[in-house]
Amino acid sequence: MTPLGQKIARLINANGPMSVADYFSICLNDRDHGYYQKQNPFGVKGDFTTAPEISQLFGEIIAVFLILAWKAHAQPKVVNLVEIGPGRGTLASDVQRVISKLAPGFADAASFHLVETSGRLQEQQRKTLGKAPIKTTWHDRLETVPDGFMLLVANELLDAIPTRQFINTAQGFRERVIGLDNSGMLEMQVGVKTIDRDLLPNSAPIHNAIFEYAPARTAIVSTIASRLSDNGGVALLLDYGHLKSDFGDTLQAVCDHKFVDILHLPGTSDLTSHVDFAVLGDAALAQGINVFDPMTQGDFLLSLGLLERAGALGAGKDRTVQQAIEQDVARLAGVENGQMGNLFKVLCMNSSKTPIPPFKSND
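Residue numbers (the numbering used here): 597 to 959.
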């Protein structure tokens, strides 16, 4: 076992089996051995590549959307630009560069706030944003970001927030837990806790069907929506997931760009699960704000000019550079296996009902 695996085994010996959510959280966030504290998750040398790391095109399109959101709200004179879970700071850097170039009035009105709990990642972000044109402040939680009009982005944040899992047994749905087998190794087991039937999807589950329930994600979205309701603004959430609540086991671990068993070498791989956008939309609506119908990442990027910007970026370049740009566009917006276009969804919350392209009013 890894040092974290040994720690988890001691906890199970002392307290009994732990929920999938607790295991998920410890693997990622343990202060001594957690994945985000010890590993280098991002980029070619890490375990996975996020959209901002694929191409500057992603950050540039996000910046265009933020400019449109700022204009839709009559160009406020004071703006809190917020990113939660900013990775290496690549998206923040691209967004600041484009806003400063295309909307200098917006840049003058804005202060940038990065919400990051990892000290190691904060150091990387400070290096990336060393010469950033907009003043940047770091926070370990959203609550310390100053009150005021807010434009918020969270890319691939919610998939890394722990989820619980429940499995359909002959006795009804029971929570899945992590326990120890006879040799002391970690194994998936069935616990005794149940789930409120009202939380389950309407479709009939088969035997051993898995339902994932992530109240921590709902709490984050509710907090963001409450801030928007109180202060005004827009939030854009991008992640992989589904638009309709359903059964399914989406928990996965990735190490060195490959899928591995979630119990394999705890603390050395990234754990994620798909986001239920239907549940998150309902949580935002409960705070009294407007929620646009979610769309796929491909539709979002293409509607805001991804192809046109890619063409401009490749103009006058040699064919090798142009082909690389084409490949990046395909990864960001394509619909083939392994591409992000359909797998990733985009949810937009707005304190007003004013439409913001490419989202349309729900009225």
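Note that beta-carbon positions come from the ideal geometry of N, C-alpha and C, so glycine has one too.
Residue i in three-state terms, based on DSSP
i	result
R606	helix
I791	coil
D626	coil
K840	coil
D777	coil
S960	Nothing about residue 960 can be reported from this structure: the residues present for the chain run from 597 to 959 only.
D826	helix
A812	helix
L832	strand
A670	coil
I802	coil
L796	coil
L753	coil
V741	coil
Separation of residue j from residue i, as counted between CA atoms
i	j	result
P954	D792	37 Å
L677	H709	6 Å
I650	L687	11 Å
Y836	P862	23 Å
R737	K913	43 Å
L859	N804	19 Å
L839	Q883	20 Å
M936	P672	33 Å
T916	Q923	11 Å
A879	S957	19 Å
L903	V925	8 Å
A703	T765	55 Å
A670	C851	45 Å
Q918	A659	23 Å
P951	D895	16 Å
Q718	Q633	11 Å
Rounded Cβ spacing between residue i and residue j (contact assumed at less than 8 Å)
i	j	result
M597	V773	Incorrect: roughly 18 Å between the Cβ atoms, too far for contact.
A617	T759	6 Å
D743	N625	About 28 Å separates the two Cβ atoms, so there is no contact after all.
V707	T733	What sits at residue 707 in the sequence shown is Ser, not Val. Indeed they touch by this definition, with Cβ atoms about 7 Å apart.
Identity of the residues DSSP links to residue i by a beta bridge
i	result
R770	I763
F855	V850
M784	I774
L748	V678, A831
F620	F620 is not bridged to any residue.
F661	Its beta-bridge partners do not exist; DSSP assigns none.
F807	F762
Proximity test, residue i beta-carbon vs the ligand MG heavy atom, cut-off 6 Å
i	result
F620	For the structure depicted, the ligand MG is absent and the ligand set is empty, with no information on it obtainable.
Residue i at chain B interface by Cβ criterion, 7 Å
i	result
G726	Checking the listed chains, one finds no chain B in this structure; it contains a single protein chain.
Quiz item: Where are the alpha helix (DSSP H) runs, 4 residues long or more, that stay fully inside the region 857-907, in chain order?
Solution: Within the region 857-907, the complete alpha helix (DSSP H) segments at least 4 residues long are 873-881, 893-899, listed from N- to C-terminus.
Quiz item: Where in the region 672-734 do unbroken runs of the beta strand (DSSP E), each at least 3 residues long, occur, reported from the N-terminal end onward?
Solution: 675-680, 706-711
Quiz item: Going along the chain, which unbroken runs of the alpha helix (DSSP H) with 4 or more residues stay wholly within the region 902-956?
Solution: 902-910, 915-929
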